[in-house]
Amino acid sequence: MKAIQVKQPGGPEAMELVELPVPEPKAGEAVVKLAASGVNFIDVYNREGRYKVALPFVLGQEGAGTVTAVGADVKSVKKGDRVAWASVLGSYAEYAAVPAERLVPVPAGVTDQQAAAAMLQGMTAHYLSHDTFQLKRGQTALVHAAAGGVGLLLTQMAHNIGARVIATVSTEEKARLAREAGADEIILYTQQDFEAETKRLTGGKGVDVVYDSVGKTTFEKGLNVLRPRGMMVLYGGSSGAVPPFDLIALSQKGSLFVTRPTLGHYTLTREELVARSGAVFGMMAAGKLKLRIEHTYPLAEAQRAHRELEGRKTTGKLLLIP
Ligand code: NDP
Numbered sequence: 001m002k003a004i005q006v007k008q009p010g011g012p013e014a015m016e017l018v019e020l021p022v023p024e025p026k027a028g029e030a031v032v033k034l035a036a037s038g039v040n041f042i043d044v045y046n047r048e049g050r051y052k053v054a055l056p057f058v059l060g061q062e063g064a065g066t067v068t069a070v071g072a073d074v075k076s077v078k079k080g081d082r083v084a085w086a087s088v089l090g091s092y093a094e095y096a097a098v099p100a101e102r103l104v105p106v107p108a109g110v111t112d113q114q115a116a117a118a119m120l121q122g123m124t125a126h127y128l129s130h131d132t133f134q135l136k137r138g139q140t141a142l143v144h145a146a147a148g149g150v151g152l153l154l155t156q157m158a159h160n161i162g163a164r165v166i167a168t169v170s171t172e173e174k175a176r177l178a179r180e181a182g183a184d185e186i187i188l189y190t191q192q193d194f195e196a197e198t199k200r201l202t203g204g205k206g207v208d209v210v211y212d213s214v215g216k217t218t219f220e221k222g223l224n225v226l227r228p229r230g231m232m233v234l235y236g237g238s239s240g241a242v243p244p245f246d247l248i249a250l251s252q253k254g255s256l257f258v259t260r261p262t263l264g265h266y267t268l269t270r271e272e273l274v275a276r277s278g279a280v281f282g283m284m285a286a287g288k289l290k291l292r293i294e295h296t297y298p299l300a301e302a303q304r305a306h307r308e309l310e311g312r313k314t315t316g317k318l319l320l321i322p
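Right under this line is the structure:
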């Protein structure tokens with residue numbers, strides 16, 4: 001089978017198209033023939049070595065397809081089932097062996113491409129808005145990179161809850177998409193000072209929560225736009241990692257809360273994984289969550305996908321098609 005492997009961490013050129021044997025399922029695993037593999041920013045961190053992975057490895061943490069074989073003791077899925085998963089390495093490939101307990105069924109009416117597009121970013125948007133900070137009607141959220149993969153889904157969920165969404169984006173085209181997703185206010189943070197703009201838009205009161213996936217370039221100013229006892233949810237670092245930070249600032253800036261959550265800790269049990277993915281698929285079925293899958297690439301063009309994602313050229317979801 002064809003797969004995208006990283007032998008040494010590095011730039012996009014570190015991703016090599018290689019020929020590997022089709023995996024055999026071990027006990028507890030199912031082998032899935034991938035119809036689509038999701039591209040996520042975490043793949044960049046893994047590729048660069050910012051998050052350490054034992055070498056060599058097949059990149060990718062999200063996919064959907066059809067079960068072709070199951071290992072001993074697997075009862076939850078069988079050959080022919082359509083399934084999807086997130087947070088298991090090895091999806092940039094034609095086949096992947098996945099622990100059966102990490103697979104969820106893809107409901108009728110949801111295509112494989114939609115499932116691969118919804119799992120990781122959809123469940124992330126869900127836990128951020130429903131659990132990390134339980135956003136309520138009438139509250140205000142600042143969502144950075146709102147036209148990105150997670151950003152467009154988080155904006156829709158926050159809007160559906162009835163919250164006011166202040167969105168940051170880098171271009172007019174991204175502004176239009178964020179607005180369509182339900183953003184109430186747009187800040188072009190590459191041209192405007194988002195701190196001053198957010199303060200102006202909230203009449204100096206500040207926002208209840210900042211959802212920050214950009215990190216290095218936004219974190220510090222984000223703390224300045226929170227209301228007293230507001231929450232900074234730092235969930236990524238697309239612009240780089242946030243440098244070490246003195247906790248006393250939280251007291252000085254209004255007894256703030258900071259958290260650095262990860263999807264894995266919000267899909268800890270099988271029950272939680274099934275409930276959260278089911279909630280996302282349910283929103284899609286109800287027409288309340290629209291996916292934007294504009295960027296699909298052949299598996300062999302994974303390097304191009306990464307260059308475009310890192311180059312801030314994409315909106316919504318990127319998929320690799322084996
Ligand atoms: P996105 O589609 O959001 O792409 C990243 C976006 O970040 C860009 O489009 C760009 O939007 C913005 N950005 C701002 N500064 C930079 C920069 N210097 N370089 C590149 N991009 C920049 O990616 P994803 O939806 O896949 O992921 C978004 C973030 O969420 C990532 O940081 C990822 O790690 C994180 N994440 C965290 C999870 C968790 O559980 N903690 C789970 C899933 C994702 P613009 O041009 O508008 O500025």
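Under this note's numbering, the residue at position 286 of the sequence shown is numbered 286, and the numbers go up by one with no gaps. A virtual CB, placed ideally from N, CA and C, is assigned to each residue, including glycine.
> Going by C-alpha distance, which of R292, D212, I187, P25 is nearest R200?
Replying inline: I187
> According to DSSP, is V58 helix, strand or coil?
Replying inline: strand
> Assuming L152 contacts G122 under a Cβ cut-off of 8 Å, what Cβ separation, rounded to an integer in Å, is found between them?
Replying inline: Their Cβ separation, rounded to whole angstroms, is 10 Å, which puts L152 and G122 out of contact at 8 Å.
>> Along the chain, where does the alpha helix (DSSP H) containing D43 start, and where does it finish?
In response: 41–48
>> As an exercise, report each continuous alpha helix (DSSP H) stretch of at least 4 residues that is fully enclosed by the segment 217–299, in chain order.
In response: 219–223, 248–252, 270–285
> For L59, which residues from the same chain have a beta carbon less than 7 Å from its beta carbon, with the 5 sequence-adjacent residues on both sides left out?
Replying inline: I4, V6, M15, D43, N46, R47, Y92
>> With three or more beta-carbon pairs closer than 8 Å as the criterion, would you say the segment 165–180 touches the segment 139–149?
In response: yes
> Given a threshold of 16 other Cβ atoms within 10 Å of its Cβ, counted over all protein chains shown, does G215 qualify as buried or as exposed?
Replying inline: buried
> When the Cα atoms are used, what is the spatial distance from G28 to T168?
Replying inline: 43 Å
>> Is there a Cβ of chain B sitting closer than 8 Å to that of Y189, yes or no?
In response: Here chain B cannot be found, since the structure has a single protein chain.
> Since S213 and T190 are thought to touch, with beta carbons under 8 Å apart, how far apart are those beta carbons, to the nearest angstrom?
Replying inline: Actually they are not in contact, since the Cβ atoms of S213 and T190 sit about 16 Å apart, beyond 8 Å.
> Quick one: Cα of K33 to Cα of E13, how far?
Replying inline: 25 Å
> Beta carbon of A145: closer than 7 Å to some heavy atom of the ligand NDP?
Replying inline: yes
> Where does R229 land, buried or exposed, given buried means 16+ other C-beta within 10 angstroms?
Replying inline: exposed
> Between which two residues does the beta strand (DSSP E) containing R82 stretch?
Replying inline: 82–86
> By Cβ distance below 7 Å, which residues in the same chain neighbour L223 in space, the five residues on each side in sequence not counted?
Replying inline: M232, A249, K253, L256
> What are the partner residues of I324, as DSSP defines its beta bridges?
Replying inline: Coverage of the chain is limited to positions 1 through 322, which leaves residue 324 absent and any answer about it impossible.
>> Taking 8 Å as the threshold (C-beta atoms), are L120 and E195 in contact?
In response: no
>> How far does the alpha helix (DSSP H) with Q5 in it extend, from its first residue to its last?
In response: Counting along the chain, Q5 falls outside any alpha helix (DSSP H), though it belongs to the beta strand (DSSP E) covering 2–6.
> Looking at C-alpha atoms only, which residue of W85, S87, A69, A86 is the closest neighbour of K79?
Replying inline: A69
> If you draw a straight line from the alpha carbon of A261 to that of Y127, how long is it in whole angstroms?
Replying inline: Just to set this straight, residue 261 is Pro in the shown sequence, not Ala. Cα to Cα, the separation comes out at about 9 Å.
> In whole angstroms, what is the alpha-carbon distance linking V258 and V74?
Replying inline: 40 Å
> Residues in its own chain within less than 6 Å of P322 by CB, not counting five upstream and five downstream?
Replying inline: L34, E94, L299
>> Let's test the definition: count the other Cβ atoms within 10 Å of the Cβ of H265 and tell me whether it reaches 16, buried, or not, exposed.
In response: exposed
> Should Q61 be listed as close to the ligand NDP, given that the test is whether its C-beta is under 7 Å from any heavy atom?
Replying inline: no
>> Which complete beta strand (DSSP E) runs does the segment 111–188 hold, if anything under 3 residues is left out?
In response: 140–143, 164–169, 185–188
> How many angstroms separate the CA atom of A275 from the CA atom of T111?
Replying inline: 19 Å
> Alpha carbon to alpha carbon, how far is F133 from Y211?
Replying inline: 9 Å
>> Please tell me whether A141 and D208 are closer than 8 Å, where the distance is taken between their beta carbons.
In response: yes
> How long is the line joining the alpha carbons of A87 and A100, rounded to whole angstroms?
Replying inline: Per the sequence shown, residue 87 should be read as Ser rather than Ala. Distance between the alpha carbons of S87 and A100 is about 13 Å.
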